[in-house]
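>
There are 2 protein chains.
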Amino acid sequence: MSAILFLPSQKVISADGRRNLLELARELGLPLQAACGGKKICGRCRVVIEETGELPAPTDREREALRELTERGYRLACETVLCGPARVRIPEESKILPPVILTVDGFGDIPVRLRPAVELCCLEVPPPAVERVTADRERLLKALEEAYGFKKIAVDPLLLLRLPQTLRDRENRVTAAVWNQRELVGLFPGREERLLGLAVDLGTTTLVAYLLDLQTGKRLAVSSTLNPQVHFGDDVISRIAFGQKDPEGAVQLREVVREGINDLIRRVAEKAGVRPELILEAALVGNTAMHHLFLGLETRYLAQAPYPPAVQESLWVKAREVGLAIHPSAAVHLLPLKAGFVGSDIIAGILATGLHRSPRVRLLIDLGTNGEIVLGNRDRLLCCSTAAGPAFEGGHIRWGMRASAGAVDRVRIDPETLEPTLRTIRNQPAQGLCGSGILATTAEMVRQGILLARGNFNPLVRSARLRPGEDGQELVLLREWEALGGQEIVFTQRDAAEVLMAKAAIQAGTGLLQELFGAPPIAETLLAGAFGNVADPDDVRTLGLIPAVPTGKIRGVGNTAGYGACLTLLNKNKAREADRIARKMEYVELAGNSRFQELLMDSLLFPGAQDFKDYSWRGLC
Amino acid sequence: MSAILFLPSQKVISADGRRNLLELARELGLPLQAACGGKKICGRCRVVIEETGELPAPTDREREALRELTERGYRLACETVLCGPARVRIPEESKILPPVILTVDGFGDIPVRLRPAVELCCLEVPPPAVERVTADRERLLKALEEAYGFKKIAVDPLLLLRLPQTLRDRENRVTAAVWNQRELVGLFPGREERLLGLAVDLGTTTLVAYLLDLQTGKRLAVSSTLNPQVHFGDDVISRIAFGQKDPEGAVQLREVVREGINDLIRRVAEKAGVRPELILEAALVGNTAMHHLFLGLETRYLAQAPYPPAVQESLWVKAREVGLAIHPSAAVHLLPLKAGFVGSDIIAGILATGLHRSPRVRLLIDLGTNGEIVLGNRDRLLCCSTAAGPAFEGGHIRWGMRASAGAVDRVRIDPETLEPTLRTIRNQPAQGLCGSGILATTAEMVRQGILLARGNFNPLVRSARLRPGEDGQELVLLREWEALGGQEIVFTQRDAAEVLMAKAAIQAGTGLLQELFGAPPIAETLLAGAFGNVADPDDVRTLGLIPAVPTGKIRGVGNTAGYGACLTLLNKNKAREADRIARKMEYVELAGNSRFQELLMDSLLFPGAQDFKDYSWRGLC
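If you're matching them up, the sequences are chains A and B in order.
Numbering of the first sequence is given in this note's numbering, commencing with residue 1 and proceeding in unit increments.
Numbering of the second sequence is given in this note's numbering, commencing with residue 622 and proceeding in unit increments.
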């Protein structure tokens, strides 16, 4: 008996002339792939024989699986039995993959064990025996049971249509895609090695699609687009109203968002150079109204107190049933909802940020038309949704706009001259103020004493930039002749009131959750969504948007909704974790809550304002 | 305490002033319906208080459920608690139903316990609580669990779309249709009391639909129509060829048969005066090719040895997936197949005739383009399919036609004059010979010595009715001037050869099964299908179509395929029984079977022919 040295691990085992290299590698606990479980089917357990004595010629299976690689010393471990000493390398591509990393912008890396719900199974299905004919489907299922141990697998009826031909296309070799060890959701002729997943964040304003390689965990492509439903209403309430107007309204809303997602699917597939039919699983997150409109569910009652959703638990539907242009048999998971105004985007956000596993209490705020707030740790999760209004998205603000090229996103006001300095997205000529620009303008006006605590313009401040206008006093941020686009941009008394109202709603909602939680110290505040990534933590603090915590403890965490959806694709246990989060969350209804009303009244103040600390100024408010 | 007398059973129990009449009836074991299990929801436990002392006024629930019936003494047993003596009648409509009877033409009555897969559940779903909002779907499922004990019920996604509105249409009262205690397949506002099932026999030539009331077991309507696929080929092989010709062929075949079934659905629903959406379950049977063409499965390999079906086990698909115009969420059961040429029609036939439960060995023959033969008893079931050709359906016969008005179905030939007497269907002018007419003509020609044992015309017989023609000698059954339609009808030497070949195939197939079974005595021969009902057992015996058994033991049993499908709807256990039958059947492939070839050669004889017993005639054949 002589020694076989495995590289790169440097582990040694005796060549016994009986067991093949796969069996030996397993005994040593080496990370060598074998999707078929050693049944000599999958052709994945490739090794390189770097040094050995005499070696039998490659088998037919090896030649077929490895082709020209055999010339470079590649062999299949399951086919190779050595008697003499040898040096065997397990190449990178044959290793069982370690946990993969999902990078969350601004939040960090989330290690996650790769465990997608779909498994690709390479199979050889024997032809029907003449003496005892078994049907194609039943032979396929038998082969699947024998090679992979899957029992009682259901077969999507759609796959039956072409099943006889698929079995025969590549001489009885097929790759079966099995979902959750219980349903056949794909069948490909020959060997198919790619397995893709699609995560979609259904935002009220923006749709984002992530294409993942579920065998490596790699993010292959990301793409986003304006939610085409905006043409039927900027916010969910106006879309629900549109959907109720006539019987076709809801169908239109459903169809345009599905088309929007399908556009994204085409784009990410093209970017990654893959066929969309290899996408065998999808996960969708969104607020409750977006979820319902996408499915075509009745939304009338979502707009009436107590705002009951039509459904709240996780749903799995077939891609073809919801018109998604991926594999028609693929399972599409709609993550669970919590309430009419706390959707699966928030639950996915908790999943991605790990709020539900955190020993310390943290705060997660998703700022959009509704501000959803979650306060919690591993023991308890409180959530609410405040009708903050669209001010932080640019809505209801005279010169408000979406965060696109030409939107002002940073503002500084000189303390001496009160002259503003503006920065625009992509340095395009200024066209208006996006959310972070509105926040920055308000914060700077508060800092420089232009705005008083209750949101009024300070009548004692004089400047050529200040003037009366239609909506009360206004600050001219950009004069007509200063603007490249010839566009005057002002910030009015009414705008300030809108911002104050919005921030008060968030602040009061957060305050109520803190009280209900027993006023715990908050270790960290996470601002989710695009807004959270661009908002200046100093501005956030100046306006009192969130409880007074050190600025360093405020973080923009990006699209946590989308990341959460990605996580459920990479590891199916995360989908169940989302369900557990949904059940664990305690929803606090703010409508009609008298304590919330009190806190809201108390929050109608900018804490950073000079008069707030100096009561003698009060008379001026 | 005083006595309550229940009628019509005459049972007596004490009125204790505590337990309601439903509880008392249960204690006595009386057959009183209560679909909700006594949870005061369903309103089915109607009783008539015929005599009593003072009685509390009907409750609101009683008034709502019973309306004007309250004036006639009707009450709900679950709402009524009596203290004094009373006489209470359980009216017919409130009784739990006894086993129902399915009548099989020519075969007899099959008692079957009514146990459909779908249950109708009357529910009251409480509105969402303001302090703790639960979604509509989850409240419905909770109510279903509380009232009926159904746990983990899946909800067809389609039902979600209108669920919120349905819940509110009748003040939170709904009727839920639950399939197999595991999936919600229907949801109706208010109280829905009808539950219908549809059985379809997909014949190569004829489609038959049966509409059943699954709450009484009554057959509400039956309708049949020509399978529109006949326009693409008379037999399955030519249709498979058509389906392969171009990619649209299979789609066309699939669509026309689905339209044909939908026409039947409209007709039976109209006859019964019901809405097709109340059909919440369907069962389909047919030969393997019809089954595949209906589903749109690849049929190429069904026409190539060893003729493997694409699938053989039972399939359940949603009505909308196969385009059936019943409730779109209804489960459609396609009964199991055995082989490429032994379909679910045969398995349903075994189920209906009880061959698989019979202590004595019986023979079931379904005569069509293929003659399927089953020989068996409760211990063993052997089956085969013979390519008998379409002679018994009128195919390949000069004046052959389908069994419709004007087809000759009975023939007598005068022994002296050799003048034929013909009977036609509906006494219309003769247009041709249908299967039984062909059988009768051949048998009479054999009896009168016109045809010899090997199928040749007897050259010694002289008659003005006999003459040479294109296809050898021919017998003029109807002269041009005798026919009202002006139509001459003849039976030729070639026709006789076709009949001989067809009967030989059936006889040899039967003979082989008998040998394999160990030559058991055959207690009874059942002829299934329309042909079996009209064929004269004497003719069958004369030609030697089946083994020599007394004529009385030959029975036409009608459309056993359709009856079997009906049985699976009436009692869901019968569907499982069909699966067990399929597994138990042993299929004998005749193609390439040398013993079958020998038997076929030996069977190319008409046993009733005169020369068969008199060897001296042989030289003439």
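Yeah, the Cβ is synthetic: ideal placement off N, Cα and C, and Gly gets one too.
Quick check: the Cα distance between Arg378 of chain A and Trp481 of chain A, rounded to an integer number of angstroms?
Each residue's Cα considered, the two are about 56 Å apart.
> Which residue spans inside the stretch 896-946 of chain B form an unbroken beta strand (DSSP E) run of at least 3?
Runs of the beta strand (DSSP E) inside the stretch 896-946 of chain B: 900-907, 936-939.
> Can you grab the Cα-Cα spacing for the pair Lys318 of chain A / Asp1116 of chain B, in whole Å?
Their backbone Cα atoms lie some 55 Å apart in a straight line.
> Evaluate Ser1215 of chain B with the Cβ neighbour count: other Cβ atoms within 10 Å of its Cβ, from every protein chain shown; 16 or more gives buried, anything less gives exposed.
That one is exposed.
> Determine whether the beta carbon atoms of Ala1149 of chain B and Asp987 of chain B lie at a separation below 8 Å.
It is a contact, given that the beta carbons lie within the stated cut-off.
> At 3 residues or longer, what runs of the beta strand (DSSP E) sit wholly inside the stretch 807-881 of chain B?
Runs of the beta strand (DSSP E) inside the stretch 807-881 of chain B: 817-823, 827-834, 840-847.
> Taking the alpha carbon of Glu814 of chain B as the point to measure from, which residue in B:Trp800, B:Phe1152, B:Leu835 has its own alpha carbon closest?
Checked all of B:Trp800, B:Phe1152, B:Leu835; the closest Cα to Glu814 of chain B is B:Leu835.
> State yes or no: is the beta carbon of Asp1157 of chain B nearer than 8 Å to at least one beta carbon in chain A?
No, its Cβ sits nowhere closer than 8 Å to a Cβ of chain A.
> Grab me the residues of Arg623 of chain A's own chain with a C-beta within less than 7 Å of its C-beta, minus the 5 sequence neighbours each way, in chain order.
Residue 623 of chain A falls outside the range modelled here, since chain A spans only 1 to 621, and no answer is possible.
> Nearest by alpha-carbon distance to Lys218 of chain A: which of A:Gly197, A:Thr206, A:Pro228, A:Ala283 is it?
It is A:Gly197 whose Cα lies nearest to the Cα of Lys218 of chain A.
> If you draw a straight line from the C-alpha of Thr204 of chain A to the C-alpha of Lys152 of chain A, how long is it?
Rounded to the nearest angstrom, the two C-alpha atoms are 41 Å apart.
> For Ala890 of chain B, count the other beta carbons within 10 Å of its own beta carbon; 16 or more makes it buried, fewer makes it exposed. Which is it?
Classification of Ala890 of chain B: buried, given that the 10 Å Cβ count is 16 or more.
> Assuming Cys566 of chain A is part of the beta strand (DSSP E), what are its boundary residues?
No beta strand (DSSP E) holds Cys566 of chain A; the alpha helix (DSSP H) holding it covers 560-570.
> Of the residues A:Glu119, A:Leu140, A:Phe606, which one's Cα is nearest the Cα of Arg454 of chain A?
It is A:Phe606.
> Is the CB-CB distance between Leu885 of chain B and Thr827 of chain B below 8 Å?
Not a contact, by the Cβ cut-off of 8 Å.
> Around the Cβ of His356 of chain A, are there at least 16 other Cβ atoms within 10 angstroms (buried) or fewer (exposed)?
The residue is buried, with at least 16 neighbouring Cβ atoms inside 10 Å.
> Ends of the beta strand (DSSP E) at Glu372 of chain A?
Unbroken beta strand (DSSP E) run through Glu372 of chain A: 371-376.
> Can you tell which of A:Gly592, A:Ile240, A:Ala387, A:Ala530 has the C-alpha that lies nearest to the C-alpha of Val751 of chain B?
Selected option, being the one with the closest Cα: A:Gly592.
> Starting from Asp777 of chain B, trace the alpha helix (DSSP H) in both directions and tell me its first and last residue.
Premise fails: Asp777 of chain B is in no alpha helix (DSSP H) and is neither H nor E.
> Which of the three DSSP states, helix, strand or coil, is assigned to Leu1137 of chain B?
DSSP places Leu1137 of chain B in helix when its eight states are reduced to three.
> Quick one: any contact between the stretch 440-451 of chain A and the stretch 408-424 of chain A, if contact means 3 or more CB pairs under 8 Å?
Output reads yes: the stretch 408-424 of chain A touches the stretch 440-451 of chain A.
> Please report how far the alpha carbon of Pro390 of chain A lies from the alpha carbon of Val230 of chain A, in whole angstroms.
Rounded to whole angstroms, Pro390 of chain A to Val230 of chain A spans 13 Å at the Cα level.
> Taking 7 Å as the limit between beta carbons, can you name the residues of its chain near Arg479 of chain A, skipping five residues before and five after?
Here the set comprises Glu488.
> So, under 8 Å CB-CB, Val1082 of chain B and Leu1134 of chain B are touching, yes? Tell me the CB distance rounded to an integer number of Å.
That pair is no contact at about 36 Å.
> Tell me, please, whether the CB atom of Gly961 of chain B is closer than 8 Å to any CB atom in chain A?
It does; some Cβ of chain A falls within 8 Å.
> Suppose the cutoff is 6 Å on Cβ atoms and the five residues either side in sequence are ignored; what does the same chain contact list for Thr421 of chain A look like?
Once the five neighbours on either side are set aside, the close Cβ partners of Thr421 of chain A are Arg412.
> Starting from Gly472 of chain A, trace the beta strand (DSSP E) both ways and give me its first and last residue.
First-last of the beta strand (DSSP E) with Gly472 of chain A: 472-478.
> Kindly indicate if chain B contains any beta-carbon less than 8 Å away from that of Ser202 of chain A.
A small correction: the amino acid at residue 202 of chain A is Leu; Ser does not occupy that position in the sequence shown. No, no contact with chain B.
> With distance defined between alpha-carbon atoms, name the residue in A:Arg266, A:Thr52, A:Asp109, A:Asp60 nearest to Gly73 of chain A.
Checking every option, the nearest Cα to that of Gly73 of chain A belongs to A:Thr52.
> Express the C-alpha separation of Glu919 of chain B and Asp16 of chain A in angstroms, rounding to a whole number.
Cα to Cα, Asp16 of chain A sits roughly 50 Å from Glu919 of chain B.
> Compute the Euclidean distance between the alpha carbons of Asp777 of chain B and Ser950 of chain B, then round it to the nearest angstrom.
If I take the Cα positions, the gap works out to 7 Å.
> Leaving out five residues on either side along the sequence, give the residues of the same chain with a beta carbon under 8 Å from the beta carbon of Ala497 of chain A.
So the list reads Gly455, once near-sequence residues are dropped.
> Within 10 angstroms of the Cβ of Pro537 of chain A, are there 16 or more other Cβ atoms? Answer buried if so, exposed if not.
It counts as buried.
> Output the boundary residues of the alpha helix (DSSP H) element that contains Ser623 of chain B.
Not the alpha helix (DSSP H): Ser623 of chain B falls in the beta strand (DSSP E), residues 623-628.
> If contact means a Cβ-Cβ distance below 7 Å, which residues of the stretch 776-800 of chain B contact chain A?
Cβ contacts with chain A come from Pro778, Leu781, Leu782, Arg783, Leu784, Pro785, Gln786.
> Can you give the Cα-Cα distance for Cys663 of chain B and Leu500 of chain A, rounded to whole angstroms?
Between Cys663 of chain B and Leu500 of chain A, the C-alpha separation is close to 55 Å.
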